[in-house]
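Mind the numbering: the sequence shown is residues -20 to -1, 1 to 174 in mature numbering (1 follows the signal peptide of the UniProt record, and there is no 0), read in order.
In this text, a Cβ means the ideal position worked out from N, Cα and C, and glycines have one as well.
Here the structure is laid out as C-alpha cells; the discussion comes afterwards.
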Amino acid sequence: MATDSLFLLFFLSITTLSQASVNIDCGTSSSSLDANNIKWVGDKDFITSGESATVSSTTVEKSLTTLRYFPTGESNCYNIPVTKEGRVLVRMMFYYGNYDGKASSPTFSVVFEGKHRGTVSISSAFEPYTLELIFVPASGETSVCFVRTSSSSNPFVSSIEVADLADGMYDELGPGEGLFYQQRVAYGTTETIR
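This is how it looks when you write it as C-alpha cells:
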C-alpha cells in the first residue's frame, strides 16, 4: 500500500512538472517573485551566449529591468523544455531602455523551432514591446533564436514566458503552423490580466 501511494505521488509530481510553465528573467541568474506572486527564474540554464545588461526604470516590471543582448554571432538560441506535441504559448518582452547608450531603434528577427519567424522592431526606447507565438513543439525542448538582421543593432530580450495550453485549446493548429500576436491591449481594466 505504501509503495502504491509513493508511486502515485511520484507520478503526480512528474505530471505536474510536465504541465508547468516557466518565466525567464533574461540577463539575471537569480530567481524572484513579482508583485503578482509569479516566480521568475534567471536564464543561465537556458542559454550560454550573450551578455547581460540592466536598465534603470521605476515604471516597468522588474523582469524588464534586466536583459540579455547578443553582440556576436548571427543567431543566438535559448533552449527551453516544453511538453512535446502540446500547444505552447511563448511570450517575449523587449524593453530597450537605451541600455547601450546608442539611442538606436533595434530591429532583428526571432525564430521559433527553426521555422516560425517574427520581426522585432523597437520604435520607442522606453515602451515595452511584446511578441507572442502559439505553436506545437516537435520535441520536449524548443529553441527560441534571436537573429541579427542589421550590423548596426544587437538582438536582445528582456523576458521569456513559456506556458503549456490546456487540452482542447487551438486543436486546429497543426505541427507546422503558428499563431503570432504582436501586441495586446486591455481597455478599461484596472487589474493585471494573465
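query, result
"Phe106 to Ala143 span [Cα, whole Å]", "27 Å"
"8 Å contact criterion, which Ser103 and Leu44 should meet: CB distance rounded", "With 8 Å as the limit, Ser103 and Leu44 do not qualify as a contact, their Cβ atoms being about 17 Å apart."
"With 16 other Cβ atoms within 10 Å as the buried cut-off, status of Ser133", "buried"
"Where the beta strand (DSSP E) containing Phe160 begins and where it ends", "Gly158 to Tyr161"
"In DSSP terms, what Thr110 is bridged to", "Met73"
"From Gly94, Asp25 and Asn78, residue whose alpha carbon lies closest to that of Ser37", "Asn78"
"Below-8 Å beta-carbon distance, Val116 vs any chain D residue", "Among the chains in the structure shown there is no chain D, since it carries only a single protein chain."
"Asp23 versus Pro117 - alpha carbon distance", "20 Å"
"Anticipated Cβ contact below 8 Å, Val90 with Met73, distance rounded", "Val90 to Met73, Cβ: 12 Å. No contact."
"Sub-8 Å separation of Phe126 and Asn56 beta-carbons", "yes"
"Cβ separation of Glu121 and Asn3, assumed to be a contact under 8 Å, to the nearest whole Å", "Glu121 to Asn3, Cβ: 17 Å. No contact."
"Burial state of Leu47 (16 or more Cβ within 10 Å)", "buried"
"Lys64: CB within 7 Å of a non-hydrogen atom of the ligand NAP", "For the ligand NAP, the structure offers nothing, since it holds no ligand at all."
"Range of the contiguous beta strand (DSSP E) that encloses Asn59", "Ser55 to Pro61"
"Leu13 versus Ile114: straight-line alpha-carbon distance, rounded", "25 Å"
"Same chain, Cβ closer than 8 Å to Glu93, five either side skipped, listed in chain order", "Phe115, Pro117, Ala118, Thr122 and Ser123"
"Per DSSP, cross-strand counterpart(s) of Ser89", "Thr99 and Val127"
"C-alpha gap between Gly156 and Tyr150, whole angstroms", "13 Å"
"Unbroken beta strand (DSSP E) run spanning Ala33, endpoints", "Glu31 to Thr34"
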